[in-house]
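The listed protein sequences correspond, in order, to chains A and B. Each number in the working numbering corresponds to the 1-based position in the first sequence with 40 added. Each number in the working numbering corresponds to the 1-based position in the second sequence with 40 added.
There are 2 protein chains.
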Amino acid sequence: MNHLLKDHIETISPLSDEEFAYILSHFVFKKIKKHAFLVQEGDPVKYEYFVLKGCLKAYVADNATGKEFIFQFAAEDWWITDREAFFKRSTATVNIDCLEDCEVLALTLENREKLGVEMWKYEHFLSVKAYWGYISLQKRLQMMIMGSAKDRYENFIAQYPNLFNRIPKSFIASYLGVSRETLSRLYKS
Amino acid sequence: MNHLLKDHIETISPLSDEEFAYILSHFVFKKIKKHAFLVQEGDPVKYEYFVLKGCLKAYVADNATGKEFIFQFAAEDWWITDREAFFKRSTATVNIDCLEDCEVLALTLENREKLGVEMWKYEHFLSVKAYWGYISLQKRLQMMIMGSAKDRYENFIAQYPNLFNRIPKSFIASYLGVSRETLSRLYKS
């Protein structure tokens, strides 16, 4: 299933089999059960994860109100971690848990930086990927502030095609900032 | 004033004077008058801009309601453009105009990519900068969805120290998604 990672990097930087094998040797394969935490608030964040199989949600818990704000989903072909804590070597301020049994490839910050220094192609991949991520997040921010519930729903479908039926609707509603009833109306229409 | 750009890149990638001179030779210096547009909806976006002097706002206009959503300010030491249009060589979907007389350094996508290919240090700078940008945007998204008006205000002060007195309060209120009255209460307290 590692070809998923190769295909993913190659959308930006084409690789020989040797180059990919070298990159892959820096990752650790992990299996995580449904409901288990990949990242837990307060813990150190040692890895950035590339999802090979399964589906996860990342959220911030508001301890005062008990409310959860889901800010990202990830499934096959996506990266997920607490980026700030990972990058600053601090402890997590978010939680990431598994909505299904998951398989991921985990990369430490040391290995991420090592790969970037050793291979321009990898640094370029990181650079373009982060830029795309910024653009898509900016679109989401605009949606949350200016968009109607319908705009947000349509943006979700565009951002996460094929995920709609895998994720409990209450989580999708939380991600979109709409009520469960509004969401039902939207996907029936 | 070009030392601003050198200092900025050097927060990530230290440069010799020769390296910086080479980088700088790829930028074009531009002056833009207060109220003029740097980027206008519907136009091609040829440049990414590094601000040497002045202050700008980037916003999306909702043509149906006439409302404006300000999603970014930029002043000395910040980058600004319509990132999606710049990167995809498409036309702008946002507007960026000058709140003061401005001086910027403009870089085309061709030169940005050329510098990245020729100098690993520049590609690394782009990569880290985009990652930081993603993290700060994610924080803003959380603020807009979960944060109180006070949280948003405090986040603004942290993100744009020294800008509060340079930007008309009605624009700051738009950026924060709060009323002008709420903003007044916050900064008096």
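Heads up, the beta-carbon is just placed ideally off N, CA and C, and yes, glycines get one too.
**Asked** Using CA coordinates, which residue listed in B:L177, B:H164, B:A125, B:A115 is at the minimum distance from B:G82?
**Response** B:A125
Would DSSP call B:Y162 helix, strand or coil? Look at B:Y162 here: in three-state DSSP terms it is helix.
**Reduced DSSP secondary structure (H/G/I, E/B, other) of B:L226** = If DSSP states are grouped into helix, strand and coil, B:L226 belongs with the helices.
- Query: Of all the residues that make up the stretch 170-183 of chain B, which are near chain A by a beta-carbon distance shorter than 7 Å?
  - Reply: A170, Y171, G173, Y174, I175, L177, Q178, R180, L181, Q182
TODO: Following the continuous beta strand (DSSP E) through B:L216, name the residue where it begins and the one where it ends.
DONE: Taken as a continuous stretch (DSSP letters only), B:L216 belongs to no beta strand (DSSP E), being part of the alpha helix (DSSP H) at 209-216.
Margin query: For A:A170 and B:R220, I'd like the C-alpha separation in whole angstroms.
Written below: 34 Å
**OP:** For A:M41, return the contacting residues in chain B, with the cut-off set at a CB-CB distance below 9 Å.
**Re:** Chain B residues near A:M41: none, gap ~26 Å exceeds 9 Å.
Under the rule that 16 or more other beta-carbon atoms within 10 Å means buried, what is B:S210, buried or exposed?
exposed
- Query: In chain B, which residues lie less than 9 Å from A:F90 when you measure between Cβ atoms?
  - Reply: Residues of chain B passing the Cβ test: none, with the nearest at roughly 16 Å.
Can the beta-carbon of B:F77 be found less than 8 Å from the beta-carbon of B:Y215?
-> no
- prompt: Closest by CA to B:S130, which one among B:N195, B:K86, B:K228?
  reply: B:K86
| query | Does the beta-carbon distance from A:V218 to A:R180 come in below 8 Å? | reply | no
Between A:Y162 and the rest of its own chain, which residues show a CB-CB distance below 6 Å, the 5 nearest in sequence each way excluded?
L155, G156
Q. Do B:L149 and B:F69 have their C-beta atoms within less than 8 Å of each other?
A. no
Contact between the stretch 115-124 of chain A and the stretch 87-95 of chain A (3+ Cβ pairs under 8 Å):
yes
| Hey, B:F11 and A:Q178: beta-carbon distance below 8 Å or not? | Past the boundaries of the shown model lies residue 11 of chain B; chain B is included only from 41 to 229, so the question cannot be answered.
What is the DSSP secondary structure of A:D102, counted as helix, strand or coil? coil
Could you check whether B:L45 and B:L64 sit closer than 8 Å to each other, using their CB atoms as the reference points? yes
Margin query: Applying the 10 Å Cβ sphere with the 16-neighbour rule, what's the burial state of B:S167?
Written below: buried
Exercise. Since A:D137 contacts A:H75 with CB under 8 Å, what's their CB separation in whole angstroms?
Worked result: Confirmed, Cβ separation roughly 6 Å.
**Request:** Give the secondary structure of B:A146 by DSSP, where H, G and I count as helix, E and B as strand, and everything else as coil.
**Result:** strand
B:M183 classed as buried or exposed, judged by whether at least 16 other C-beta atoms fall within 10 angstroms | buried
Exercise. Between which two residues does the beta strand (DSSP E) carrying A:E108 extend?
Worked result: 108-114 is the span of the beta strand (DSSP E), which, as asked, contains A:E108.
* Cα-Cα, which of A:M41, A:F67, A:A61, A:E50 is closest to A:N151? -> Residue A:F67 is the option with its Cα nearest to A:N151.
- Query: Which one of B:L147, B:F109, B:K190 has the shortest CA to CA distance from B:L223?
  - Reply: With distances taken between Cα atoms, B:L223 lies closest to B:K190.
**Prompt:** Does any residue of chain A bring its CB to less than 8 Å from the CB of B:F67?
**Reply:** By this cut-off, B:F67 is not an interface position.
Leaving out the 5 sequence neighbours to the left and right, which residues in its chain are closer than 7 Å to B:Q80 when beta-carbon positions are compared? A132, N135
Cα-Cα separation, A:M186 to B:D47: 36 Å
Q.
By the 7 Å beta-carbon criterion, what residues does the stretch 113-128 of chain B contribute toward chain A?
A. R123, E124, F127
Sort B:E194, B:L203, B:N202 by Cα distance to B:Y225 and report the nearest one.
Checking the sequence, you will find Arg at residue 225 of chain B rather than Tyr. Nearest C-alpha to B:R225: B:E194.
Fill in: Residue closest to B:S188, alpha-carbon to alpha-carbon, out of A:A61, A:T51, A:T105
A:T105
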